[in-house]
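Protein chains: 2
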Amino acid sequence: METSDLTGDELLQVLSTLASPHRMRVLAALVEGRAYVSQLARHLGISRALLQVHLRKLEKAGLVTAQLELSDEGKALKFYEAAPFVLHLTPGSIATAAATLTDPAADHGAAPKGSE
Amino acid sequence: METSDLTGDELLQVLSTLASPHRMRVLAALVEGRAYVSQLARHLGISRALLQVHLRKLEKAGLVTAQLELSDEGKALKFYEAAPFVLHLTPGSIATAAATLTDPAADHGAAPKGSE
DNA sequence: TGCACATGCTAAGAAATGTTGGCATGTGTA
DNA sequence: TACACATGCCAACATTTCTTAGCATGTGCA
C-alpha cells in the first residue's frame, strides 16, 4: 500500500481509521502477533462489542485482515492480524490525494459516475 | 518530522488533523503557494470562520505555519503556508507510537504498563 | 442441563466535532 | 462618513462518532 496508490477517499478512510487511540492500540497489539477477538479484548481491557467495532473499521480500511478458524475444541475463533502497509505522507502526496476527493458535502447531489 | 520522532499523542493529533476533507484541501491549496485567510476562503469556497478553525488545527499539529504581514495598503494579512513534513506510517511505527499514548479515557487511572 | 467460552447484532444514550451566523476590531479610499 | 476589505472571537446548533448494554447464536464439558 503506497500513498500515491490511494484515492483521496481511501486515504481519508485510512487516516480516519488510524486517528484513534483504541485502534492504534489494537493495531499495536496485532503487530506482536495474531489474536482472536475475545482474547484481544481481554488483552486490551476493553469490551468485545467495542473491540469489534474498531476491528471492523480497521479491516475495512485494509489495515488488518481476519481469518475464521476452529480451535482444537471445535470453537470458532476469528483471528486478526496486522496487514503490512507503508504510507509516505508529505504535503505533496496529500495534495495529490486531495485532488481526487469526492466530498458529499461539497458535492451538490450530482452523480459521481457517468455524467458530469 | 519523522514518524519515529512523534509520541503517540502527537501522531494521533497529526492523523486526526489530516483525516478531514476540508483540511486535506486546505493543505493541498497551500502546497501550491502561500495565501492569506480571506483569499484562501474564497479560493476554497468556504466561510472564513470555518477555514480559520481548520487552519488553527493544522497549525497546532505543525502541518502549516503562519506569518502576519502588512500589505502595501497597510492591511494586516495572515499568510499561511504548508510545513514540510514526511511521515512514514507502518504497522511497526504506529505500534511504537501507540506505546507512548496517554489516553485519559482508556487509562483507568493506574498502571502505565505491566501485569497481564 | 447448566456453565464457560466463542461469535454476532442492534438500539440508544453520551461525547466529541463540525459548522453557521453575528459581532467585534482595524486599515485605506471615495 | 460610508464602504470594502482584512483580522478575530464566540455561542449555539447540527452532525458524526463512540460506547454501552442487552440479546441472539453456537461449541465442549462436568
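From first to last, the protein sequence lines stand for chains R and F. Take 1 as the starting number for the first sequence in the numbering used here and just add one per residue. Take 1001 as the starting number for the second sequence in the numbering used here and just add one per residue. For each residue, glycine too, the CB sits at the ideal point set by N, CA and C. Just so it is clear, the structure is predicted and the values come from calculations on it, not from any experiment.
(request) Inspect the CB distances between the segment 74-85 of chain R and the segment 1012-1023 of chain F and report whether three or more fall short of 8 Å. (result) Proximity of the segment 74-85 of chain R to the segment 1012-1023 of chain F falls short of the contact definition, fewer than three beta-carbon pairs being nearer than 8 Å.
(request) Find the residues of chain F that neighbour residue 92 (chain R), judging by a C-beta separation of less than 7 Å, and give them in chain order. (result) When 7 Å is used as the limit between beta carbons, residue 92 (chain R) is near these residues of chain F: 1031, in chain order.
(message) Beta carbons nearer than 7 Å to chain R: which residues of the segment 1044-1055 of chain F have them?
(response) The segment 1044-1055 of chain F vs chain R, Cβ under 7 Å: nothing.
(request) If I'm right that residue 8 (chain R) touches residue 98 (chain R) with Cβ under 8 Å, what's the distance once you round it to whole angstroms? (result) Correct: roughly 5 Å between the Cβ atoms.
(message) Does residue 47 (chain R) pass the burial test, meaning 16 or more other C-beta atoms within 10 Å, or should it be called exposed?
(response) Counting the other CB atoms within 10 Å of its CB gives residue 47 (chain R) a total below 16, which places it among the exposed residues.
(message) Quick check: what's the CA-CA separation for residue 1051 (chain F) versus residue 1039 (chain F)?
(response) One Cα belongs to residue 1051 (chain F), the other to residue 1039 (chain F), and the distance between them is close to 11 Å.
(message) Can you tell me whether residue 1100 (chain F) is buried or exposed? The criterion is at least 16 other CB atoms within 10 Å of its CB, across all chains shown.
(response) With fewer than 16 other Cβ atoms within 10 Å, it is exposed.
(message) Could you compute how far the alpha carbon of residue 55 (chain R) sits from the alpha carbon of residue 30 (chain R)?
(response) Their Cα atoms are separated by approximately 11 Å.
(message) Can you tell me where the beta strand (DSSP E) holding residue 64 (chain R) begins and where it ends?
(response) Start and end: 64-70.
(request) Kindly indicate the opening and closing residues of the beta strand (DSSP E) around residue 1081 (chain F). (result) Secondary structure note for residue 1081 (chain F): its beta strand (DSSP E) is the uninterrupted segment 1076-1082.
(message) Tell me the rounded alpha-carbon separation between residue 1035 (chain F) and residue 1070 (chain F).
(response) The straight-line gap from Cα to Cα measures roughly 13 Å.
(message) So with CB distances below 8 Å, who are the chain F contacts of residue 62 (chain R)?
(response) Think of a sphere of 8 Å around the beta carbon of residue 62 (chain R): no beta carbon from chain F falls inside it, the nearest being about 12 Å out.
(request) Go ahead and label residue 68 (chain R) buried or exposed: buried means 16 or more other beta carbons lie within 10 angstroms of its beta carbon, across all protein chains shown. (result) A residue is called buried when at least 16 other Cβ atoms come within 10 angstroms of its Cβ; residue 68 (chain R) does not meet this threshold and is exposed.
(request) Spatial neighbours of residue 22 (chain R) within its chain, please: CB distance less than 6 Å, with the 5 preceding and 5 following residues excluded, ordered by chain position. (result) Taking residue 22 (chain R) as the centre and dropping the five residues before and after it, the same chain places the C-beta of 54 closer than 6 Å to its C-beta, in chain order.
(message) Can you give me the C-alpha to C-alpha distance between residue 89 (chain R) and residue 1086 (chain F), rounded to a whole angstrom?
(response) Per the coordinates, the alpha-carbon of residue 89 (chain R) lies some 6 Å from the alpha-carbon of residue 1086 (chain F).
(message) Only counting the same chain, and skipping five residues up and downstream in sequence, which positions put a Cβ closer than 7 Å to that of residue 1017 (chain F)?
(response) Only 1023, 1057, 1058, 1061, 1063 meet the Cβ criterion.
(request) Return the CA-CA distance between residue 1019 (chain F) and residue 73 (chain R), expressed in angstroms with no decimal places. (result) Looking at the two C-alpha atoms, the distance is approximately 43 Å.
(request) Note down the Cα distance separating residue 1094 (chain F) from residue 27 (chain R), rounded to an integer number of angstroms. (result) Cα-Cα distance, rounded: 8 Å.
(request) Kindly indicate which three-state DSSP category residue 1058 (chain F) falls into: helix, strand or coil? (result) Three-state DSSP puts residue 1058 (chain F) in a helix.
(request) Classify residue 35 (chain R) as helix, strand or coil using the three-state DSSP reduction. (result) Correct three-state label for residue 35 (chain R): strand.
(request) Rank R:41, R:25, R:96 by C-alpha distance to the C-alpha of residue 1092 (chain F) and give the top, closest one. (result) Closest by C-alpha distance to residue 1092 (chain F), out of R:41, R:25, R:96, is R:25.
(request) For residue 22 (chain R), write down the residues that DSSP places opposite it in a beta bridge. (result) According to DSSP, which records beta bridges pairwise, residue 22 (chain R) is partnered with nothing at all.
(message) Using only the alpha-carbon positions, how far apart do residue 1044 (chain F) and residue 1037 (chain F) sit?
(response) Cα to Cα, residue 1044 (chain F) sits roughly 10 Å from residue 1037 (chain F).
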